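S.K.:
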Amino acid sequence: MNVRRLLVNAACAAALACACVAAQAHRFHAGITDISFNEHTGSTEVVHTYMAHDVEALLANLYQRQFDLSDPEDQAVLRKYVEKQFWLAAKDGQRLPLKWVGLTVDVDSVIVYQEAPATPVQKVETIHDAVLVDFLPDQVNTVNLTVGGSLRTFGLNARTPELSVH
Amino acid sequence: MKLRVLPCALAALFVHAHAFADDPVIQRVLVEGARASQLGIADSANMGSVSQKELEMRTIYRPGELLEATPGLIASQHSGEGKANQFYLRGFNLDHGTDLATYVDGMPVNQRSHAHGQGWTDLNFLMPELTARLDYRKGPYSAREGDFASAGSAAVTYANRLVRDVATVSLGQNGYRRTALAASTEAADGVVTYAVEALHNDGPFTRGDDYRKLNGVLRYSRGYANNGWSVTAMAYHGSWNSTDQIPERAVAAGTIGRFDALDDTDGGAARRVSLSGVWRQTTADTASQVNAYLIRNQLDLWSNFTYFMDDPEHGDQFAQPDRRVTSGINAIHTWHAHRSDSMTSDITVGAQAQNDNIFNALTHTQARRTLDVTRQDHIVETSGALWIENATRWNAMFRSTLGLRADRYRFDVRSDRPENTGKADDHLVSPSLNLAFGPWQQSELYLNYGQGFHSNDARGTTTTVDPKTLEAVGETPGLVRSRGMEIGLRTEIIPKNQTAISLYRLDFDSELTYIGDAGNTEAGPPSRRTGIEFSNYYKPYKWLSIDFDAAFARARSQDVDAGQDRIPGAVEGVGQLALTVSQLGNWEGALRLRYFGPRPLVEDNSVRSHASTTLNGRIGYRFAKDLRVELEGFNLADKRASAIDYYYASQLRGEAEPRDDIHFHPIEARSFRVTLIKNF
C-alpha cells in the first residue's frame, strides 16, 4: 500500500468516525411527576417516577457508595434529597406540607410517593422540581397536574426548575 | 395510593436514557441489599466491588484486613502492629505488598525502593469510617494499572460526604482502646468531611506492642464525584514495639514462650502526611479526571531476625530508616468513538507521572543505637506512563476491552559507596485484551490476556558491590515483566446466588527481589503460577448472606535444578466461609472461618508450614435508631497457629553456631472487643 492510498484510507476512516459521532441521537434524562387529588382521603398526592439508573448514579456520586433502597436508612438519604429539590407552594408563597409516604424500587424505576394531607390540588400555585437537574444537566422533569379532571403537563429543567401553574 | 403513571409514556421516555460516558463504573441500584451484579459490566470473573455495608459487617482486627474482602487475599502481621501487613494472593507471598497494587483515594500506597521491602504497603492510616467502597481486580489485564498490579490491585474510595456522622468508642482485651469521630457538614457551597482516630493496642505479646496511633482526615469537596472536585489532607502517626518472629527451637526448649520476643528493643515509628486533589467532569459524551498527590512518609524500623548470628557480642539488630516525598499526577479522558443502539465503543487515554525522593539506609544497631552503617542512599525514582484503552460492546452478547500501556522508569541512586552510585532507566510496553461473552442465561464467559510488571528496588539497578560482604554483584533490571492469562465464568443462574470461577496462569520473567533485611539484591529464576479461584455469594433472605471463597495455586520456579522449584512462602490455598445476618430486628452478626493454606518454606519442599483455620465473629445490637453496641471476637477457637513462618539460620545467645530453624510469628490468641457506635 503506497503512502497516498494510506492517507486516503486514513481520511475515510476519520470521516466515518466523525459521521458516527454526529449520527448519535441526542438522548435525554427524564422523570415524571403526577400531582392529583384523592377524593377519598382529601389529600393532594404526588407520585414521582425516575429511572433507577439515574437515581443510583446520583446517590453513588454523592456518597461514593452503593445504595440499597429497600433499606430504610438508605431511603432516608433519597428522601432528604427529594424533599430539598421538590416542593409545591400556594398563592401566598407558603409551601404546601408535603408528607413522605414511601417509595418502591425495582430494577428499572424508583417511584416516590408524597402527599399533602387535607389539601385541595387547586391550592398548588408554584411547582419547584429540581430533582436530578443539578446532577444531570439535560434532565427534563415532566409534571402532570390533574385539576378537576383536566390534565395539564409542564416541563421543568435546569433552566426552568420552577413555574407558576396559573 | 393509586399509581397514575402511564407505563407506555414512561417506556417511550426512558427507552434511550443513559447516564454518563464512564457509565460502567457506576454501580447498579441494589434490590434487597444483594451484592451488585457484575454481569454486563466486568472484564473478568475475578474483579469486583465491595460496598461500605459489606465492609462494615466484617470483623477487622487491623485496618489492612479490610482488603481480605477481596476473595483469595490474606493480610497478616509478622511483627509489631504499626508495621506494613504481610499479604498473600494468587500463590504469592506478596511480602509487604510487592505485586499487589493498593490505592487509597487515588493515591498509591505501595512505596517503591523502600528500605524494608519493595512495594511496602502500610495501610494503618486507613479509616474504616470513611471507606465507601473497595474495588479489586486480579491479574495484569488492565492498561490502567502498572507497577505492582500483576497479582492484583485494590482501590479504597473515601466518601466525599457521610450519610450520618458517627462517633465510636471501643475497649478490648490486651490493652485495646480506640475512639473515632467522622462527620461531614455543608460549608461554602461544598461539603467538609473530617475524621479523627486515636488507638492503643498491646496485642497478646509478653512485651506489649504499645502501638499508639493518631490519625486524621480533612476533606473539602464540591459538586458530585463525577462532576466536581475535592481536596484532602491526611495525617497519621504510629509508634510501636515489635515482637518479631522467633525460632521454634527456643519455644520447644522452654527458653521463651510463644508470645515472647528475643530482642525487646525491636520496634518502629511511622508518619504519613498527604495532600491530594481530584477533579472530574462528566458529560453524556466524555469523562475527564485529573488527580494529583503529594505524600510525605517517614519510617523508623528496628528488627532482629537472626539474634546473635552475625555479631555474637552486640547482636544482629538493624535499622531501616526511610524518608520520602512522593508526588504524582494521573489524568484520564474517555470519549465515545461510536454509539448506536446495538453497539457502543469508548476510547480512554491516560497519562501518569510519579516521582519519589527517598533517603533510606540499612544500619547495624544495638538497642536502637547505631553501631555502623551498612549502606545509605539517596534515591530519586521517576516514572511516567501513557496508556490507551478501547472498550467496545459489539452486541448484546459480546464485549471487548483492548489496552496498551507504555511505562518508563528512571533510577538515580547516590549511595555511600561510589561503586553503588549511578543512574539507570528501563521501559516496558504492556498489551492487554479482555473478551466477555454473554450475558446468556444469566452467565458470562471471560477470556483475559495481559502483560504487566513490577519495578525492582532502584538500589538493585546500580549496585555492583554487596555492601555487607563486599563481593561483586550483578546489576538487576529495573522492570520485570509478567504475563497472565485467564479463563473465567460468572453466573447468576441460581436465583439469589452469584458464582465466579477463574482458571489462570501467571508467569514472571524473574522473581527478582531486593532483600531489604540483608541490604542486597537477589536475582531469582523465572516463575510460573497456575491456579483456580472460586467465589460464591448466596443471599437467600434479606437478612442472611453466605460467602464462600476458595483459591488454590501451584507456584514453581522454572529453569532450576530438579527438586528445587518450590517458591518459599508461596501460599497453596486459601479459603473463607462467612455467614452474615443483618436487619434481623435489632440484631446483626457475622461468623467468618478463614483457611490459610500450607506454604513450602524452602526450595526443595523439605520444610513446610502448616495450614491454619481461624474463626472470627461479631454480634451487634441496636438500642435505638442511632445507638448500637458491637462485640467482636477474634480467633474464637483459640487456635495456636502462625501468622507467618520462615526457614533460615539464626543463632541465639549462648549457641555456638547458627542453626537452621522455622521462625514464626503467632496469630493473636482469642480476644474480644466491645464497641459503642453513636450516629448523629
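Chains as they are written, first to last, in this note's numbering: chain A, 218 to 383; chain B, 7 to 686.
Yeah, the Cβ is synthetic: ideal placement off N, Cα and C, and Gly gets one too.
Since the structure is predicted, the reported quantities are computational estimates derived from the model, not experimental observations.
Would you call the stretch 567-584 of chain B and the stretch 624-633 of chain B touching, i.e. three or more CB-CB distances under 8 Å?
M.R.: no
S.K.: Taking 7 Å as the threshold (beta carbon to beta carbon), is A:F352 in contact with chain B?
M.R.: Walking along the first sequence from the start, residue 352 of chain A turns up at place 135. Chain B contact via Cβ: present.
S.K.: Interface residues of chain D around A:N278 at Cβ under 7 Å?
M.R.: Absence of chain D from the displayed structure is noted, the protein chains being A and B.
S.K.: Using the Cα positions of B:W235 and B:G283, report the straight-line distance between them to the nearest angstrom.
M.R.: As a working note, residue 235 of chain B is residue 229 in the second sequence. As a working note, residue 283 of chain B is residue 277 in the second sequence. Straight-line Cα distance between these residues: approximately 7 Å.
S.K.: Would you grab the beta carbon distance between A:N361 and A:I252 for me? Rounded to a whole angstrom, and I think it's under 8 Å.
M.R.: In the first sequence, counting from the first residue as 1, residue 361 of chain A sits at position 144. In the first sequence, counting from the first residue as 1, residue 252 of chain A sits at position 35. About 7 Å; that satisfies the 8 Å criterion.
S.K.: For B:R302, which option in B:D328, B:Q295 and B:I668 has the closest C-alpha, if you only look at C-alpha atoms?
M.R.: For the purposes of this step, residue 302 of chain B is taken as residue 296 along the second sequence, with counting starting at 1. The option with the nearest alpha carbon to B:R302 is B:D328.
S.K.: Identify, in the order they occur along the chain, each residue of the same chain with its Cβ nearer than 6 Å to the Cβ of B:H344, setting aside the five sequence neighbours on each side.
M.R.: Counting from 1 along the second sequence, the entry for residue 344 of chain B is found at position 338. Taken in chain order, the residues that qualify are S351.
S.K.: Bridge partners for B:G222 per DSSP, in chain order?
M.R.: Within the second sequence, numbered from 1, the residue matching residue 222 of chain B stands at position 216. In the DSSP output, where bridge partners are listed per residue, B:G222 has B:V202 and B:A241.
S.K.: Output yes if chain A places a C-beta closer than 7 Å to the C-beta of B:M138; else output no.
M.R.: Here residue 138 of chain B corresponds to residue number 132 of the second sequence, with the count starting at 1. One point to set straight first is that residue 138 of chain B is Ala, not Met, in the sequence displayed. With 7 Å as the cut-off, B:A138 counts as an interface residue toward chain A.
S.K.: Between B:H460, B:R414, B:A194 and B:T467, which lies nearest to B:T388 when the distance is taken from Cα to Cα?
M.R.: Start at 1 with the first residue of the second sequence, and residue 388 of chain B comes out as number 382. When only C-alpha atoms are compared, the closest one is B:R414.
S.K.: Is B:Q179 helix, strand or coil when you go by DSSP?
M.R.: Against the second sequence, residue 179 of chain B aligns to sequence position 173. Three-state DSSP puts B:Q179 in coil, outside helix and strand.
S.K.: Can you tell me which of B:K89, B:N166 and B:N99 puts its alpha carbon nearest to the alpha carbon of B:R535?
M.R.: By 1-based counting over the second sequence, the position of residue 535 of chain B is 529. Nearest C-alpha to B:R535: B:N99.
S.K.: Does the Cβ of B:M240 have 16 or more other Cβ atoms within 10 Å, making it buried, or fewer, making it exposed?
M.R.: Taking the first residue of the second sequence as 1, we reach residue 240 of chain B at position 234. B:M240 sits buried, since 16 or more C-beta atoms from the chains shown fall within 10 Å of its C-beta.
S.K.: Beta carbon of B:D270: closer than 6 Å to some heavy atom of the ligand GTP?
M.R.: Judged by which ligands are present, the structure shown has none, so any question about the ligand GTP falls away.
S.K.: Could you tell me which whole beta strand (DSSP E) segments of length 3 or greater appear in the stretch 427-495 of chain B?
M.R.: 428-446 and 449-461
S.K.: Give the straight-line distance between the Cα atoms of B:Y94 and B:T104, rounded to the nearest whole angstrom.
M.R.: Taking the first residue of the second sequence as position 1, residue 94 of chain B is located at position 88. Taking the first residue of the second sequence as position 1, residue 104 of chain B is located at position 98. So the alpha carbons of these two residues sit roughly 10 Å apart.
S.K.: Can A:T266 and A:I249 be called in contact, C-beta distance under 7 Å?
M.R.: Start at 1 with the first residue of the first sequence, and residue 266 of chain A comes out as number 49. Start at 1 with the first residue of the first sequence, and residue 249 of chain A comes out as number 32. Against a cut-off of 7 Å, the Cβ pair of A:I249 and A:T266 comes out as a contact.
S.K.: Please report how far the alpha carbon of B:T467 lies from the alpha carbon of B:D316, in whole angstroms.
M.R.: On the second sequence, residue 467 of chain B is found 461 positions in, with the first residue counted as 1. On the second sequence, residue 316 of chain B is found 310 positions in, with the first residue counted as 1. C-alpha separation (whole angstroms): 26 Å.
S.K.: Got a sec: which bits of the stretch 489-507 of chain B sit with their beta carbon under 9 Å from any beta carbon on chain A, in order along the chain?
M.R.: none
S.K.: By how many angstroms is the C-alpha of B:G123 removed from the C-alpha of B:A556?
M.R.: On the second sequence, position 550 is the one that residue 556 of chain B refers to. On the second sequence, position 117 is the one that residue 123 of chain B refers to. Computed Cα separation, rounded: 28 Å.
S.K.: Are the Cβ atoms of B:Q358 and B:A391 separated by less than 7 Å?
M.R.: Position 352 of the second sequence, counted from the start, is the residue given in the question as residue 358 of chain B. Position 385 of the second sequence, counted from the start, is the residue given in the question as residue 391 of chain B. Taking 7 Å as the Cβ cut-off, B:Q358 and B:A391 qualify as a contacting pair.
S.K.: By the three-class DSSP mapping on this structure, what secondary structure does B:A675 have?
M.R.: Residue 675 of chain B sits at position 669 when you count from the first residue of the second sequence. B:A675: coil per DSSP, three-state reduction.
S.K.: The alpha helix (DSSP H) spanning A:V299 covers which residue range?
M.R.: For this step, residue 299 of chain A is matched to residue 82 along the first sequence. Segment P289 to Q302, the alpha helix (DSSP H) holding A:V299.
S.K.: Identify which residue in B:G274, B:H669 and B:N641 has its Cα closest to the Cα of B:Y654.
M.R.: Counting from one through the second sequence, the residue named residue 654 of chain B turns up at place 648. Comparing Cα-Cα distances from B:Y654 to each of B:G274, B:H669 and B:N641, the minimum goes to B:H669.
S.K.: Which value, in whole angstroms, describes the spacing of the CA atoms of A:G366 and B:F443?
M.R.: The sequence position of residue 366 of chain A within the first sequence is 149, counting from 1. The sequence position of residue 443 of chain B within the second sequence is 437, counting from 1. Across the structure, A:G366 and B:F443 are spaced so that their CA atoms are roughly 52 Å apart.
S.K.: So A:Y330 is in the beta strand (DSSP E); what residue range does that whole segment cover?
M.R.: The residue given as residue 330 of chain A occupies position 113 in the first sequence. Under the DSSP assignment, A:Y330 falls in the beta strand (DSSP E) whose first and last residues are S326 to A333.
S.K.: Would A:R256 be called buried (16 or more neighbouring beta carbons within 10 Å of its own) or exposed?
M.R.: The count along the first sequence starts at 1 and reaches residue 256 of chain A at position 39. With the sequence shown as reference, residue 256 of chain A is identified as Glu, and Arg is not the correct amino acid for it. Looking at its Cβ environment, which holds fewer than 16 other Cβ atoms inside 10 Å, A:E256 is exposed.
S.K.: Using 7 Å as the threshold, is the C-beta distance between A:D346 and A:F303 below it?
M.R.: Stepping through the first sequence from its first residue, residue 346 of chain A is reached at position 129. Stepping through the first sequence from its first residue, residue 303 of chain A is reached at position 86. Cβ distance < 7 Å, so A:D346 and A:F303 count as in contact.
S.K.: What is the DSSP secondary structure of B:R572, counted as helix, strand or coil?
M.R.: Stepping through the second sequence from its first residue, residue 572 of chain B is reached at position 566. DSSP places B:R572 within a strand segment (E or B) once states are collapsed to three.
S.K.: Could you check if B:I32 is buried or exposed, using at least 16 other CB atoms within 10 Å of its CB as the buried criterion?
M.R.: Numbered from 1 along the second sequence, position 26 holds the residue referred to as residue 32 of chain B. Residue placement at B:I32 is poorly supported in this model, since its pLDDT is 36, which falls under 50; the coordinates still yield a value, given next. Per the 10 Å Cβ criterion, buried.
S.K.: On the DSSP bridge assignment, give the partners of B:P532 in chain order.
M.R.: Along the second sequence, one-based indexing puts residue 532 of chain B at 526. For B:P532, which the question treats as bridged, DSSP gives no partner whatsoever.
S.K.: Can you name the residues that DSSP bridges to B:R511?
M.R.: Within the second sequence, numbered from 1, the residue matching residue 511 of chain B stands at position 505. B:R511 pairs with B:M491 and B:T536.
S.K.: Bridge partners for B:M113 per DSSP, in chain order?
M.R.: Translated into positions along the second sequence, residue 113 of chain B becomes position 107. DSSP, once it has assigned bridges, lists B:V110 as partnering B:M113.
S.K.: Check whether the Cβ atoms of B:K684 and B:A75 lie closer than 7 Å to each other.
M.R.: In the second sequence, residue 684 of chain B corresponds to position 678, counting from 1. In the second sequence, residue 75 of chain B corresponds to position 69, counting from 1. The criterion of a C-beta distance shorter than 7 Å is not satisfied by B:K684 and B:A75.
S.K.: Helix, strand or coil for B:F686 per DSSP?
M.R.: The residue given as residue 686 of chain B occupies position 680 in the second sequence. In the structure shown, B:F686 sits in coil (DSSP, three-state: anything other than H, G, I, E or B).
S.K.: Nearest chain B C-beta to A:Q281 closer than 7 Å, yes or no?
M.R.: Position 64 of the first sequence, counted from the first residue, corresponds to residue 281 of chain A. Yes, its Cβ sits closer than 7 Å to a Cβ of chain B.
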